[in-house]
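Just so you know, my numbering puts the end of the sequence shown at 97, numbered straight through with nothing missing.
The beta carbon of each residue, even a glycine, is placed where N, CA and C say it ideally should be.
These numbers were taken from a predicted model, which means no experiment stands behind them.
This report refers to the structure that appears directly beneath it.
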Amino acid sequence: MNGKNKNRHYYIPKRSGIGFGDVFAITVVAAAVGIIMGLLFAPQSGLKTRNILNKKIVELQDRCRFALLEARVMGEEILEKSIEKAEKVSSKVKNKK
């Protein structure tokens, strides 16, 4: 290290105290408060609101089931292609010996 660089000071920014976990927790709490406030100030009756919520929950369950089924099919296709590629590579290696 030469004499010129000896007295240089470099600025290193400090990280803020908020991490991913904190942001996630704040988001979840804010969403819950928003849902509760929306239900409290909803113009519908309690029965009507519960019926709407039940329909939305059923729709969400159906979407999740479909997404899970779709992911399973895609995973099986990827697995089959991977096995085929592995067999091709294996046969090429065996043929070179």
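Neighbourhood of residue i by C-beta distance below 7 Å, restricted to the same chain and skipping five residues each side
i: ARG65; result: none
i: ILE57; result: none
i: LEU39; result: THR49
i: ALA42; result: THR49
Terminal residues of the alpha helix (DSSP H) in which residue i lies
i: ILE57; result: 46-96
i: ILE36; result: 20-40
Spatial neighbours of residue i in its chain, beta-carbon cut-off 6 Å, leaving aside the 5 residues before and after
i: LYS94; result: none
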